[in-house]
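Below: one structure, written as structure tokens.
2 protein chains.
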Amino acid sequence: MRADARDNRARIMTAADDVFGRSPGASTDDVARLAGVGIATVFRHFATKTELLEAVLTLRLERIRDRALELAASDDPGTAFFEFFTQVVSESASKLAIAEALTAAGAAAGEEAREAGRGMREAFSGLLTAAQKAGAVRDDAEMPEVYALLIGASRGATAAKLDPETRDRMLALIYDGLKPRR
Amino acid sequence: MRADARDNRARIMTAADDVFGRSPGASTDDVARLAGVGIATVFRHFATKTELLEAVLTLRLERIRDRALELAASDDPGTAFFEFFTQVVSESASKLAIAEALTAAGAAAGEEAREAGRGMREAFSGLLTAAQKAGAVRDDAEMPEVYALLIGASRGATAAKLDPETRDRMLALIYDGLKPRR
DNA sequence: GTATAAACGGAGTGATGACTTCGAATATAT
DNA sequence: ATATATTCGAAGTCATCACTCCGTTTATAC
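For the record, the sequence lines run as chains F and H.
For the first sequence, this note's numbering gives the first residue as 1, with consecutive numbering after it.
For the second sequence, this note's numbering gives the first residue as 1, with consecutive numbering after it.
So this is what it looks like as structure tokens:
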């Protein structure tokens with residue numbers, strides 16, 4: 001691959017992440033314009049709009065997974081779990097916008113993105129069981145419902161455009177429900 | 001207004017509620033087809049697609065508010081509050097689809113729909129304070145974050161396509177966080 | 001420096017969907 | 001029953017957007 005091509009590909013992905021993170025309804029032209037390339041260049045690198053969205057979403061998910069793995073190395077599993085949860089919720093807005101753009105573009109997430117999602121969930125699951133073993137999270141809370149809480153808190157915070165204080169108060173309520181019964 | 005016109009208007013709204021509740025990306029033609037009228041008839045009653053979506057969303061919100069007012073008359077405020085919460089979450093899928101269709105159609109909710117939203121929130125607020133007075137919900141939980149929880153749980157349940165059992169387990173976790181500290 | 005293979009950009013193309021027009025149909029008043 | 005005012009619907013118009021074509025430019029191998 002020629003050096004300029006590699007550069008352009010990277011620039012397109014950055015631009016797409018930015019544009020779609022802000023408004024899911026954005027057009028491919030918008031991405032090209034922000035990236036400073038012609039529209040044909042975008043389609044040379046990503047055959048369809050869906051493909052581009054998937055690439056961007058996958059990157060996001062992988063970054064989140066990496067953050068989880070990083071925190072898993074910590075020696076305070078309880079703090080690690082709640083910190084990860086909080087972080088995902090605070091940064092959820094743009095990721096959700098991208099995911100929404102994808103579903104709006106017709107297709108469900110493809111294999112690549114789904115794989116990345118699985119990896120992310122696995123890492124989160126690791127954080128959860130570690131926190132439970134450490135006694136920071138109640139044992140009878142299982143992955144599906146805890147994950148649902150994560151998604152829900154993210155989507156709720158985004159949809160309601162919560163200011164940080166309200167968001168933290170909401171998270172505090174959720175965390176109280178997750179802590180072991182006294 | 002002529003009788004047939006009134007009939008058609010009602011049929012269009014029902015059809016729109018159904019269609020947009022299922023798929024936010026649906027076209028106006030889809031609505032007309034399901035309602036069994038021509039497309040021009042739809043636009044005669046609702047000048048723009050946005051206007052139609054708003055009318056449908058407003059109706060939904062008003063129904064939810066009415067349900068809250070109904071439950072407010074109950075003599076067990078705690079049960080009333082949690083029952084309302086559960087019900088809103090279970091029925092959220094199609095309402096959210098409509099709201100999404102609206103934002104996708106460009107405009108934010110107009111005055112009419114926003115007014116309906118306010119009414120709904122007020123009714124919910126009434127349920128909350130009653131439940132707190134009855135000792136069923138912790139006193140330090142305030143409306144903004146509790147409302148955020150309601151939105152979040154709704155959106156989470158919808159987005160993750162939770163099966164009813166997982167949804168209930170998620171709600172149980174939330175409710176534990178809302179109950180007074182022991 | 002030049003050849004050439006690869007990448008580039010901008011002007012199309014075709015499909016979709018919101019909205020309009022206008023002649024046909026139908027409800028109500030007399 | 002008939003007049004007429006209102007409503008109806010099918011066939012348009014117009015803009016947008018994903019995607020393609022092709023002549024031009026540019027990076028790299030020699």
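Quick reminder that beta carbons are idealized off the backbone N, C-alpha and C, glycines included.
Item checked: Residue ranges of each alpha helix (DSSP H) within the region 17-76 of chain F, 4 or longer -> Within the region 17-76 of chain F, the complete alpha helix (DSSP H) runs of at least 4 residues are 28-35, 39-45 and 49-72.
Next item on the list: Spell out whether any CB of chain F is found under 9 Å from the CB atom of G152/H.
Entry: Taking 9 Å as the CB threshold, G152/H lines the interface with chain F.
Item checked: Nearest-angstrom Cβ-Cβ length linking V19/H and D30/H, presumed shorter than 8 Å -> At roughly 5 Å, the Cβ-Cβ gap stays under 8 Å, so V19/H and D30/H are in contact.
Notebook entry, point to check: Is DSSP giving M1/F helix, strand or coil here?
Noted result: Looking at M1/F - three-state DSSP - the assignment turns out to be coil, as it is neither helix nor strand.
Item checked: Whole-angstrom distance between R114/F and A72/F, CA atom to CA atom -> Distance between the alpha carbons of A72/F and R114/F: 22 Å.
Notebook entry, point to check: Buried or exposed: where does T48/F fall if 16 or more other Cβ atoms within 10 Å of its Cβ makes it buried?
Noted result: Counting Cβ neighbours within 10 Å, T48/F comes out exposed, since fewer than 16 surround it.
Notebook entry, point to check: Beta carbon of G119/F, beta carbon of R65/F: below 9 Å?
Noted result: R65/F is positioned such that its CB atom lies closer than 9 Å to that of G119/F.
Notebook entry, point to check: Among the residues of its own chain, which have a CB less than 8 Å from the CB of L34/H, if the five just before and after it don't count?
Noted result: Cβ neighbours of L34/H beyond the five flanking positions: A15, D18 and V19.
Check: How is the alpha helix (DSSP H) around A93/F delimited, first residue to last?
Finding: Residue range S92 to A104 is occupied by the alpha helix (DSSP H) that includes A93/F.
Check: Would DSSP call L162/F helix, strand or coil?
Finding: L162/F: coil per DSSP, three-state reduction.
Check: Does the separation of the CB atoms of A109/F and T158/F fall below 9 Å?
Finding: Not closer than 9 Å, so no.
Next item on the list: Report the rounded CA-to-CA distance for G135/F versus P24/H, giving the unit in angstroms.
Entry: Going from the Cα of G135/F to the Cα of P24/H covers about 43 Å.
Notebook entry, point to check: When the Cα of G21/H is compared with those of D76/H, I98/H, R67/H and K179/H, which residue comes out closest?
Noted result: Looking from the CA of G21/H, the closest CA among D76/H, I98/H, R67/H and K179/H belongs to I98/H.
Check: Whole-angstrom Cβ separation of A148/F and M170/H, contact assumed at under 8 Å?
Finding: Between M170/H and A148/F the Cβ distance is about 4 Å, and since that is below 8 Å, they are a contact.
Notebook entry, point to check: On the three-state DSSP scale, how would you describe R121/H?
Noted result: In the structure shown, the three-state DSSP call for R121/H is helix.
Notebook entry, point to check: Roughly how many whole angstroms lie between the Cα atoms of M13/H and V37/H?
Noted result: Distance between the alpha carbons of M13/H and V37/H is about 12 Å.
Check: Is the beta carbon of L150/F less than 9 Å from the beta carbon of V56/F?
Finding: Not in contact: L150/F and V56/F (Cβ atoms no closer than 9 Å).
Checklist line | Alpha carbon of R190/F to alpha carbon of A160/F, nearest angstrom | finding: Beyond the ends of chain F as shown, which are 1 and 182, falls residue 190/F; an answer cannot be given.
Notebook entry, point to check: Going straight from the alpha carbon of D168/F to that of L127/F, what length do you get?
Noted result: Rounded to whole angstroms, D168/F to L127/F spans 20 Å at the Cα level.
Margin query: Counting C-beta neighbours from all protein chains within 10 Å, is the total for A80/H 16 or more, i.e. buried, or is it exposed?
Written below: Burial call: buried.
Check: Looking at R155/F and G152/H, is the spacing between their C-beta atoms short of 9 Å?
Finding: A contact, by the Cβ cut-off of 9 Å.
Check: R9/H to I39/H, Cα distance in whole Å?
Finding: One C-alpha to the other measures close to 12 Å.
Item checked: Rounded separation between R54/H and A32/H - CA only -> The amino acid occupying residue 54/H in the given sequence is Glu; Arg does not appear at that position. When the Cα atoms are used, E54/H and A32/H turn out to be separated by approximately 17 Å.
Check: How would you call V6/H, buried or exposed, if buried means at least 16 neighbouring beta carbons within 10 angstroms?
Finding: Before going on, a small fix: residue 6/H reads as Arg here, not Val. R6/H is exposed by the Cβ-count criterion.
Note to self: Please report the straight-line C-alpha distance between G78/F and L173/H, rounded to a whole angstrom.
What the structure shows: Counting only the Cα atoms, L173/H lies some 17 Å from G78/F.
Item checked: As assigned by DSSP and simplified to three states, the class of G177/F -> Correct three-state label for G177/F: helix.
Margin query: Just to check my reading of the structure: R60/F and K95/F have Cβ atoms closer than 8 Å, yes? What is that Cβ distance to the nearest angstrom?
Written below: With 8 Å as the limit, R60/F and K95/F qualify as a contact, their Cβ atoms being about 5 Å apart.
Margin query: On the criterion of 16 or more Cβ atoms from any shown chain inside 10 Å, does E145/H qualify as buried, or is it exposed?
Written below: Under this definition E145/H is a buried residue.
Notebook entry, point to check: Relative to chain F, which residues along the region 43-75 of chain H have a C-beta separation below 8 Å, given in chain order?
Noted result: Of all residues in the region 43-75 of chain H, none places a beta-carbon less than 8 Å from a beta-carbon of chain F.
Item checked: Helix, strand or coil at G110/F [DSSP, three-state] -> Here G110/F sits in coil by DSSP.
Note to self: Tell me the rounded alpha-carbon separation between E111/H and A104/H.
What the structure shows: Rounded to whole angstroms, E111/H and A104/H show a C-alpha spacing of 17 Å.
Item checked: Beta-carbon proximity list for L162/H, same chain, < 8 Å, skipping 5 on both sides -> Excluding positions up to five away in sequence, the list reads G156 and M170.
Notebook entry, point to check: K179/H to D75/H, Cα distance in whole Å?
Noted result: The straight-line gap from Cα to Cα measures roughly 19 Å.
Next item on the list: Report, in whole angstroms, the separation of the C-beta atoms of A116/F and E62/F, which I expect to be a contact under 8 Å.
Entry: In this structure, A116/F and E62/F form a Cβ contact; the two beta carbons are roughly 5 Å apart against a cut-off of 8 Å.
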